[in-house]
Each structure stands twice: as C-alpha cells, then as structure tokens.
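Engineer: If you scroll down you'll find the structure; I have some questions about it.
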Amino acid sequence: MFRCLKLTLLCSLFLIAGIGRADEGYFDSGGVQIHYLVEGRGEAVVLIHGFVVDAYIQWALPGVMRSLAKDHLVIALDVRGHGKSGKPTETEKYGTEMVEDVVRLLDHLEIKKAHVVGYSMGALITGKLLATHPDRLLSATLGGCGVFPEGVRQPEYLEKLAQSLEEGKGLAPLMKALSPSGKSNPPAMVNTVVNRLVRENGKAFAAVVRSWKDLGVSKEKLRSNKVPTLALIGSKDPLKEAVDYMKDEMENLEVIVIDGANHLSTYTNAKFIRSLRKFLADNSQNKKEKKATSKNAE
C-alpha cells in the first residue's frame, strides 16, 4: 500500500505521458455514482482495488490493467467511497452494496459473466460476490487476502482504524497490522498523501471499514463453490491466514504463494501477473467451449 500511495503523487504525470489509455465512464448504482475504466477487447475481467486507493493506482499505474487488456476487456471500477465514485458516509451504504455495485456494473455494460479479480478489500468483495452471485462469474481471483468467516468477530484493530479515520488521525492501526514486523514507518511523502486522503475522506473510509463485517462467507458456501477460484498471497503477508482458512474449506480453489512478498508488494510482483494471466487463460469460456465441442465431435 505504501508503494501505491507514493504513486498518487506521480499519477497526473503518468497519465499526461500517455500511460492512461483506458476509457472511463460513470453509472448510477443504487443512488451512488460509480466511476470505472475500460480497456481492451475479449472476455470481460473486472478489477476491484483495495482500501483507500483506486482503480488508477492499484491497476493502471503498475501495468496490471494494460497487461490483461492485451487479450481481455478489462473493467476497473472505483469502489464506492474511493476515487471518483460517490462517497456516502453511512455504514449501510457499503458492505454488500459494494458487492451489488459489481453486479450492477455488469448489467450496465450488458455483460452476462466476467472474470473478477480483487485485491485486499477487493478480495473480500470478490469472495462475497462468489457466495451471492456465482452465476455472474467465469472465475474469481482473490489477491492479498482471503474471505472473512461468516459470524466471526472482526479483529480489534479494525474498529481502532475506523475511529482513527473518523478523528482524522490516519491509517496507523492498519499499517501496523499489515506490516510483517508489526511496525509502520512510512516515508514522509507517503504520510503527506495519507493525511490528505484522510482529511478529505475520513468519514467515508470509516464507514467502509465498519461495513466489512457484512462481507463474511459461510463454510457451506465455500464447500459448495463451483466457480474456478485463485488465491494469490505473499508468504510474508499477515493476511495469509485468511487464505489458509479458505484452503482448508473451499472447493475449486488454487492457491499460489509468492515467496518473500508481503501485503504491500504482492500485486506488483511479476509472479502475480504471470499467475493471473495463466489462470484466466486456463479458465477462458472460449477455451472451455472449444474443448467441449472437440470432445463431442469425437
């Protein structure tokens, strides 16, 4: 996250230089305006970013969106409360509404099914989408996190984080929890960016955090999963325990651990994009249809 927050300072320069080639659009999702980017052609892939950042920072600037757009129609949304999307401050406006935003986006673009890729908070959203709307997914990828078990009390640091955000004190509880050493020493430049985001958006961010309790997934849903699912996690990511939980309970799940990567670096690791591209290719609907046609012809 530190890396991607640094990139916010360079975002405008990169876009002016021509890195941001994606088209953009907006639509109304249950009364909240949602912003999204579109690039490429082919089977649809929806990208869902992590907490505080947005579609540009998480996916466009590191080159993930462009790489996937070589052979896919890539749609990256700004999750409500983030980026250029609407920012309500009520907790009930988030939670499962963030999941429904993905479904409404597919409906808006007249896409029946898509591959869905989420990172960190985006993985929580993807996991809940997998449990509630499996019919809309060709595949699911959860990066940097697994799912929250349904009905389990959330970690104490999340409420501390929500309070810190409401009071304009920043992301310190989250940074401490996500740092493998248990310590957080962000550079001064990162602190500047974080402080600006919190000043502008602290109450909305706090509402987002408090809504995560509604994104839990039951063991029954994991055990009955029929959608091809990939989990990509760094070996040094403190959130790896959520992926380990999935591994023990979930059907049709492939887990890839990226050695030496942590929560703040996994999505920029070369193995992340290689593994993701292979998984999408292996689970292409076109490939499956060709294989089925060939088998029937025999």
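Take 904 as the starting number for the sequence shown in our numbering and just add one per residue.
Even for Gly, the Cβ is constructed at its ideal location relative to N, Cα and C.
With 16 as the cutoff for other CB atoms within 10 Å, does Asp-851 come out buried or exposed?
Structural biologist: No answer is possible for residue 851: it lies beyond the span of the chain, which begins at 904 and ends at 1201.
Engineer: For the region 1067-1074 and the region 1119-1132, state whether three or more C-beta atom pairs, one from each stretch, are separated by less than 8 Å.
Structural biologist: no
Engineer: Where does Phe-1175 fall in DSSP's three states?
Structural biologist: helix
Engineer: Which stretch, first to last residue, makes up the alpha helix (DSSP H) that contains Tyr-1060?
Structural biologist: 1059-1069
Engineer: Spatial neighbours of Val-1130 within its chain, please: CB distance less than 7 Å, with the 5 preceding and 5 following residues excluded, ordered by chain position.
Structural biologist: Leu-1033, Pro-1037, Leu-1040, Ser-1042, Ala-1043, Asn-1155
Engineer: Would you tell me roughly how many angstroms separate the C-alpha atoms of Leu-1008 and Lys-1106, rounded to the nearest one?
Structural biologist: In this structure, the alpha-carbon of Leu-1008 lies about 25 Å from that of Lys-1106.
Engineer: Locate the beta strand (DSSP E) running through Val-1005, then write down its first and last residues.
Structural biologist: Taken as a continuous stretch (DSSP letters only), Val-1005 belongs to no beta strand (DSSP E), being part of the alpha helix (DSSP H) at 999-1011.
Engineer: Along the alpha helix (DSSP H) that carries Leu-1125, what are the first and last residues, could you check?
Structural biologist: 1122-1126
Engineer: Which residues mark the beginning and the end of the beta strand (DSSP E) in which Ile-951 is found?
Structural biologist: 946-951
Engineer: Put Ser-1187 into one of helix, strand or coil per three-state DSSP.
Structural biologist: coil
Engineer: Where Gly-1085 and Glu-946 are concerned, what is the direct C-alpha to C-alpha distance, given to the nearest angstrom?
Structural biologist: Note that Gly-1085 scores 46 on pLDDT, short of 50, meaning its location in the model is unreliable and no value can be drawn from it.
Engineer: Taking just the CA atoms, how far does Asn-1165 sit from Ile-951?
Structural biologist: 19 Å
Engineer: Bridge partners for Asp-931 per DSSP, in chain order?
Structural biologist: Gln-936
Engineer: Measuring only the C-alpha atoms, how far is Gly-932 from Val-1112?
Structural biologist: For the record, residue 932 in the displayed sequence is Ser; it is not Gly. Approximately 20 Å between the Cα atoms of the pair.
Engineer: Quick one: grab the DSSP three-state call for Ala-1110.
Structural biologist: helix
Engineer: In angstroms with no decimal places, state the Cα-to-Cα distance between Val-1002 and Arg-983.
Structural biologist: It is roughly 10 Å from the alpha-carbon of Val-1002 to the alpha-carbon of Arg-983.
Engineer: Please list the terminal residues of the continuous beta strand (DSSP E) segment that includes Ser-1042.
Structural biologist: 1040-1046
Engineer: Rounded C-beta distance between Gly-943 and Leu-976? I'm assuming under 8 Å.
Structural biologist: 5 Å
Engineer: What is the rounded straight-line gap between the Cα of Gly-1163 and the Cα of Gly-1049?
Structural biologist: 18 Å
Engineer: So what does DSSP say about Lys-1181, is it helix, strand or coil?
Structural biologist: helix
Engineer: Using the C-alpha atoms, what's the distance from Val-941 back to Asp-1010?
Structural biologist: 15 Å
Engineer: DSSP three-state label for Pro-1052, please.
Structural biologist: strand
Engineer: Identify the residues that DSSP records as bridge partners of Thr-1132: which are they?
Structural biologist: Looking at the DSSP output, Thr-1132 shares a beta bridge with Ala-1043, Leu-1156.
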